[in-house]
Structure formats: structure tokens, C-alpha cells
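All residue numbers for the sequence shown refer to UniProt numbering, where the first residue is 1 and numbers rise by one.
The beta carbon of each residue, even a glycine, is placed where N, CA and C say it ideally should be.
A quick note: this is a predicted structure, and the numbers were derived from the prediction, not measured.
Take a look at the structure below.
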Amino acid sequence: MQGDERFKSPIPLRLNPPPPVPHVFDPVIRTAVTNILAREVLSEIIGHHRWCGTEADRRAGAEFCASRLGYRADEARIVLTSSTQSTLNMLIPGLVGAGGILAVDELTYPPIKVFAARYGIKLAPVRMDDDGMSPDALREVCQAHCPKALYPLSTLQNPTTATMSLERRKEIVAVAREFGVSIIEDDIYSLIPRDAPPPLSALAPEISWYLLGLAKSVAPGMKVAYVVAPSKEAAANLFWPGVRATFWMTAPFGAALATELIESEAIGKIVDAVRSAVAARHILVGQYLANIDHRLGDGGLHVWIPAPPKVTGAELTARFEQAGVLVSTSDGFVIGEAEPPRAIRIGIGNPSDDSTLERALAILAAEYELHRLA
């Protein structure tokens, strides 16, 4: 089989989008678009900027975020943006500033390093354990470096898949409050798990900037995200000064589509379908990686796999690529000069169908076993 695979295009598992669910997504989106066209004038939708979102957009955003926050935030605190990534590109320089320090997980979302370099911001890595960011390590970082803000991924951390317990979240919030550190919480992976604990932002709304986007629970091309700011004043002060010179604003029709999906509650049908598709792919992961140490959280879109003894993550990644599967090495997630852990990350949602993922997992399992026996 391995010889045959080399003549095919490599199977990409580097990214971690949700699996496609066209049987649900297509009719739901078609109906939503039909509803918009029936009641709206297209020239009025597309002929104007959405800025921070219309009243309807922000009302829908408040409703959408309430499913995680446990309460419906004041609409004046809601900002509609084009993605969590573009939001981070605004929040990080706005809250930290040039020369300031941002505390982050010791392994984190790679674009954070790009933003930090772009704006002259220093990153302070915080040690992690199996429960995510360590509160004791965060306290040490706060005492030594005085960070202005903290960027944690509390649910299905990228890349390790760790999900903080409720108790751990309370401890992280307590440290942030003690040292006056703002929290920038990216909760993008939280909608697929059925029982994710409440976000840090629900425990400390007065110091938190909460982000919830659609790209990991609906579709990668749904470039819409919602920000819940600590106050309406904070939202206005951070976003409005750059409204004419930045790119965080949502395309008007995309915003209208997201609002229609939320108001009609049709978005739940897509999220449920994605959740079922993810569960089916988890079964495949369990079957093919049963004899391989791996970490996969409930509802997770990626798997964290330690490398065999005497093999680095980079070496394992190169071998998998030769065999026809593209995966992510740990190097890109490391902050600072720390030695990258011997591990790789694979995304399970990118293959267009389960059979392609199954083929990739079979290759990974076979190649991994060869390295383990070497």
C-alpha cells in the first residue's frame, strides 16, 4: 500500500478545519440566502460597510455568545469582525502595545508569533501540564515580566488538545485578577464539545475580551467572529480608532448570512452535523491509533501525537510526508528558544471524506510502527 500511496497527491492533515457536512450545510445555507434575498435589498447590504456590526448583527452575536458565556451580554459590548485572527491582530497591539509583554501557552497558535514580531511585542511562555496552562507558572511569569495581557486557549488547546477543568479556569482567572492582566480568550474550538466548561470570560468579564468565531464549527470560509469586550467603552476605544485603516471588518453579505443563521436558529443544524461528523472521525482515530500514544479531546479537530523514542517531531513529519501524509511538527507552536517537544499534530477535518482520512491514518500507523521498532 505504501508504494502505491507515493504516486498519489499527499493527504493534507496540517490544517484543522471542521469536516465538511454538505448534506446539511448546503440546504441550510441555500435557505438562509433565499430568506435574505426575499426581504433585503442587495445594494443596501453590499453598498455600505458593516463597521462594528448592525444592531441586528450585534444582537445575533450576543445571542450566539450566550450559549457559551451563560448570559446575554449588552449588545454595546459586541463587535462583529471578519475572523478571530483579524481580531487578534487588533487586540494584541491594542492591549499590549510595542515593547509590552503578552503571556501565552508555551505551545500556542503560530500566528501569535507573527503578530508579536509585527508590533514589537515580547512573548512570555507559560508552562503547561495535562490540564493546560499552569496557574503557578502564570504567577511566576506575572511576577517576573509584568505582562499586560494573557492569551490562553482554555478549550481544546492548540496544539496539545488540553481542556482546562473548571477549577483550573478559576485559578487562572484569580492570577490574572491579582496582577491586573487582561485576558484575550479565543474560544473557537468550544462549540463542538458537548460539555466544555464555561470560558474564563464568563468568570471574569470585567478583564476579558472574549472571541467566538464560526470557522471551526460551521465552515472555514465563514469569516465571521464576535468579540465581547469588557465594556462598551472598551470596545469603542479599541476598535473605532482604526476602523478606516484596518481589515478586521466583516464582508457585509457574510455578516448578513451569519445573522440570518443565528436568528433562524439554523446554525445549530450545521453545528450538530459537524459534531456528528467529528465523532465519526474520532472513531477512526481510535481504531487506527489504538496502539499509539495520542491525545484527542472530546470534539477536537486535531490530534497531538508524541514521537517514538529517539525520533524528533521534525524527523517523523518528514517521514510521513515521504509516505504521502502532510502533518504539522511541534516546532511551529514553540515560543522562544525552547526545545520543541518530540511530537506532531494532525488535523482530522481536512480530508473531504472519511475514507481519505482512514487511508491517511493507516499510513501514519504503519510508518509510526516502523520508527518504533527501529
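Check the Cα spacing between D130 and each of G268, I172, M164: the tightest is with M164. By the C-beta density criterion, L212 is buried, having at least 16 other C-beta atoms within 10 angstroms.
Inclusion of A174 and G132 in the CB contact set at 8 Å is not warranted, their separation being larger than that value. In this structure, H371 sits near V311, with a CB-CB distance shorter than 8 Å. Under DSSP, W240 shares a beta bridge with no residue. One thing to note: I346 has its Cβ within 8 Å of the Cβ of V327. The region 171–187 makes contact with the region 90–105, as at least three CB pairs between them are under 8 Å. Contact between the region 341–361 and the region 11–25 is present, with at least three C-beta pairs closer than 8 Å.
Using a Cβ distance threshold of 8 Å, A307 and A343 count as a contacting pair. By the Cβ-count criterion, Q322 is exposed, with fewer than 16 other Cβ atoms from all chains shown falling within 10 Å of its own Cβ.
Comparing alpha carbon positions, the residue from I36, F239, A290, S154 closest to P135 is S154. At a cut-off of 4 residues, not a single continuous stretch assigned as alpha helix (DSSP H) sits fully inside the region 327–361. For V33, the closest C-alpha among the options E260, A280, E265 is that of E260. Residue burial annotation: W240 is exposed, with fewer than 16 other C-beta atoms found within 10 angstroms of its C-beta. Rounded to whole angstroms, M90 and A277 show a C-alpha spacing of 33 Å. For L123, same chain residues with a beta-carbon under 6 Å away, outside a window of 5 residues either side, are L102, V104, A116, I335 in chain order. Taken in chain order, the whole alpha helix (DSSP H) runs of length 4 or more contained in the region 174–216 are 200–203. In its chain, beyond the 5 residues on either side, L212, Y226, V228 have a beta carbon closer than 6 Å to the beta carbon of C65.
Spanning the alpha carbons of I207 and S83 requires a straight line of approximately 21 Å. Within the region 2–59, no run of beta strand (DSSP E) at least 3 residues long lies entirely inside it.
With distances taken between CA atoms, A314 lies nearest to T329 out of V303, F320, W304, T329. The count of Cβ pairs closer than 8 Å, one atom from the region 72–80 and one from the region 263–276, stays below three, leaving the stretches out of contact. Residue pairing by DSSP puts K122 in a beta bridge opposite I101. Taking Y119 as the centre and dropping the five residues before and after it, the same chain places the C-beta of I92, P93, V96, G97, A98 closer than 8 Å to its C-beta, in chain order. Straight-line spacing of the CA atoms in A266 and A137 works out to 42 Å.
For the pair G286 and R359, the Cα-to-Cα distance works out to about 14 Å.
The residue from I270, P193, L238, L361 with its alpha-carbon nearest to that of F25 is I270. Between H49 and the set I172, I188, T250, R281, the nearest pair of CA atoms involves T250. For Y288, the enclosing alpha helix (DSSP H) has its first and last residue at 267–288.
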